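Input: a single structure, listed below in structure tokens.
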Amino acid sequence: MIGLRETPAKLGFFSPAVLIASFGGSGLIRPASGSWGSLAGLGAGLALLHFISAETMLLAAVLAYFAGFWACTKWLAAIAADAAADKDPQAIVIDEVAGLWIALAFAPATPLGYGAAFLLFRFFDITKIWPANWADRSLPGAHGIMLDDVFAGCWAAIFLVIGRATQIL
Numbered sequence: 120m121i122g123l124r125e126t127p128a129k130l131g132f133f134s135p136a137v138l139i140a141s142f143g144g145s146g147l148i149r150p151a152s153g154s155w156g157s158l159a160g161l162g163a164g165l166a167l168l169h170f171i172s173a174e175t176m177l178l179a180a181v182l183a184y185f186a187g188f189w190a191c192t193k194w195l196a197a198i199a200a201d202a203a204a205d206k207d208p209q210a211i212v213i214d215e216v217a218g219l220w221i222a223l224a225f226a227p228a229t230p231l232g233y234g235a236a237f238l239l240f241r242f243f244d245i246t247k248i249w250p251a252n253w254a255d256r257s258l259p260g261a262h263g264i265m266l267d268d269v270f271a272g273c274w275a276a277i278f279l280v281i282g283r284a285t286q287i288l
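Numbered according to my numbering, the sequence shown spans residues 120 to 288.
What follows is the structure in structure tokens.
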């Protein structure tokens with residue numbers, strides 16, 4: 120059943136940290152918050168690519184990373200007193216957005232290319248192939264939350280480049 124996750128009580132939904140971390144609330148949808156956040160990131164990314172170049176999409180991914188790092192830090196500070204709190208809350212999906220935008224920057228500008236970017240990113244995000252698994256396990260706080268998805272986006276980008284070079288995509 121589709122429902123909504125809660126935000127930290129100290130922040131509230133309209134807090135800039137919550138709006139950024141949950142990418143406009145898409146991460147608050149359950150189940151599968153990461154998939155909802157990735158879908159929202161895909162829509163926003165495709166809209167951006169209508170106006171900006173693929174190279175500029177990489178800059179957008181970097182900006183999403185830094186905004187996400189700030190928002191994650193605020194979110195984690197708001198729940199720090201709760202010993203049982205999740206240290207990588209599922210409602211935080213800006214990391215998925217940053218990682219997916221890396222993949223989109225390398226995708227062919229076709230529906231197949233964008234679909235492949237989304238599916239490859241989700242595959243690498245879920246499987247957490249090295250160094251994503253290292254970042255997820257070993258890095259504390261906002262870096263740990265953000266970097267595993269950046270690495271997933273880089274893996275997806277590598278496969279997209281291979282797909283373009285071999286004319287599969």
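Positions of the beta carbon are idealized from the N, C-alpha and C atoms, including for glycine. It should be emphasised that the depicted structure is a prediction, and the values quoted were computed from it without experimental measurement.
- Closest in C-alpha terms to Met176, from the list Gly218, Phe270, His262, comes Gly218.
- The Cβ atoms of Gly146 and Ala186 do not sit closer than 8 angstroms to each other.
- Sorting Ile277, Thr246, Ile264 by C-alpha distance to the C-alpha of Ala254 places Ile264 at the top.
- Going by C-alpha positions, Pro127 is about 10 angstroms away from Ser134.
- Collapsing the DSSP output to three states places Ile277 in a helix.
- Asp214 and Leu231 have their C-alpha atoms spaced approximately 23 angstroms apart.
- By the C-beta density criterion, Val280 is exposed, having fewer than 16 other C-beta atoms within 10 angstroms.
- Ala173 counts as exposed, since fewer than 16 other C-beta atoms from the protein chains shown sit within 10 angstroms of its C-beta.
- The stretch 247-261 makes no contact with the stretch 221-231; the number of CB pairs closer than 8 angstroms stays below 3.
- In the assembly as shown, Pro208 is a buried residue. Its beta-carbon has 16 or more other beta-carbons within 10 Å.
- Note on geometry: alpha-carbon atoms of Arg124 and Thr285 lie some 42 angstroms from one another.
- Of the residues Gly162, Trp189, Leu158, the one whose Cα lies closest to the Cα of Leu138 is Trp189.
- Counting along the chain, the unbroken alpha helix (DSSP H) around Gly187 starts and ends at 173-198.
- When the beta-carbon positions are compared, Arg149 and Pro227 stay at least 8 angstroms from each other.
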